[in-house]
Amino acid sequence: MKKLTVLMSACLALAGCMHQKLADGLSSDPAQTDSDGNVQLAPFSAGASGSLPRGWKPLVLLRTKKKTDYRLVDEQDRVVLHARAAAASSGLIHEVNIDPASRPWLHWSWKIKRLIASADNTQQSAEDSPVRIVLAFDGDKEELPFADQMFFETAKLVTGHDFPYATLMYIWENREAVGTVIRNSRSSRVRMFVAASGPDGSGEWREFKRNIVEDYEKAFGEKPGRLIGVGVLTDTDNTGETAEAWYGDIRLLPDEREQATRSGASLPVGLEDQETRSHASARRTQ
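Counting from 1 along the sequence shown, just add 1159 to a position and that's the residue number in our numbering.
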């Protein structure tokens, strides 16, 4: 009975890692697709300041928890997503249907006001981050160990929804080095990848480019299935602190090196150096 109670609590605590029903006030506009049939993300910059972003749905962790406040705002001559969490935890998610191998490069930008002083994502009781990019992947759950299958079945019974096969989160950590993979204490199917660490860069816009196929393989030790959701999450429910953050547009782009090889064209100036720096940083943290 005790194990079941713990499992049910874990399912509830991770309820935000699944697709949620569309809430009042959010648009249900049909998603745009590219020539390959991949569903693309709606950019925050295309929205109107003071509103909620079109195409994004609520990511509610627990109905009993306070919700993070999200709204579009004007910031440096562009529209971005502003988030404020006061002992709160909820996010926004955009459903997609993308083969990660066809668009492996995730580009995003974010800004935080400050770190969450007492946050520590290696400890369940302090697992908060001022910014998170959440990726949900599909896969064959029947191939997972029995314990994971039981977790998913119990989660569906408790919440009425299916969990994604795997969830990878890019976070801003207080202490762990960039490139570190942190395993979620409640489920082996949720991993956190440290994209930024420490106070440097607080109060400034920071841009990131990550290869999600490589990062997924590093985190889970296997190739990813289809990407079915992209989300943002600013949470302070465990620490009880207040966090404020801003998110720029999130984009998934093809591998320009591979495209250039196929077409015989030259790489864009600076692309090779950017990729090399990214890979070198990852090697140093392994």
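We treat Cβ as the ideally placed atom computed from N, Cα and C, and that holds for glycine.
Helix, strand or coil at residue i according to DSSP, with G and I counted as helix
i	result
residue 1393	strand
residue 1339	coil
residue 1290	coil
residue 1382	coil
residue 1377	helix
residue 1300	helix
residue 1400	coil
residue 1203	helix
residue 1355	strand
residue 1223	coil
residue 1244	strand
residue 1415	helix
residue 1285	helix
residue 1278	coil
residue 1184	Note that residue 1184 scores a pLDDT of 34, beneath 50, so its modelled location is shaky and nothing firm can be said.
residue 1322	coil
Residues that DSSP places opposite residue i in a beta bridge
i	result
residue 1239	1232
residue 1312	Bridge partners of residue 1312: none, in fact.
residue 1370	1264
residue 1407	None; residue 1407 has no bridge partner.
residue 1362	Residue 1362 pairs with nothing; no bridge assigned.
Contact check, residue i vs residue j, beta carbons under 8 Å
i	j	result
residue 1402	residue 1275	yes
residue 1257	residue 1412	no
residue 1406	residue 1215	no
residue 1203	residue 1255	no
residue 1266	residue 1410	yes
residue 1324	residue 1297	yes
residue 1394	residue 1321	no
residue 1200	residue 1253	yes
residue 1227	residue 1249	yes
residue 1231	residue 1212	yes
residue 1264	residue 1414	yes
residue 1210	residue 1271	no
residue 1356	residue 1332	yes
residue 1259	residue 1371	yes
Range of the contiguous beta strand (DSSP E) that encloses residue i
i	result
residue 1132	This structure does not reach residue 1132, given that the chain is present from 1160 up to 1445, and the question cannot be answered.
residue 1411	1410 to 1412
residue 1217	1216 to 1219
residue 1265	1264 to 1271
residue 1329	1325 to 1332
Query raised in the report: Are the region 1349 to 1359 and the region 1374 to 1387 touching, with three or more C-beta to C-beta distances below 8 Å?
Result: Put simply, the region 1349 to 1359 touches the region 1374 to 1387. At least three CB pairs are less than 8 Å apart.
Query raised in the report: Can you find at least 3 beta carbon pairs, one from the region 1287 to 1295 and one from the region 1390 to 1405, that sit closer than 8 Å?
Result: yes
Query raised in the report: Taking three-plus beta-carbon pairs below 8 Å as touching, is the region 1333 to 1343 in contact with the region 1307 to 1322?
Result: no
Report task. Mind the definition here: the region 1278 to 1285 touches the region 1235 to 1248 only if three or more C-beta pairs lie below 8 Å; say whether that holds. Result -> In this structure the region 1278 to 1285 does not touch the region 1235 to 1248; the number of beta carbon pairs closer than 8 Å is below three.
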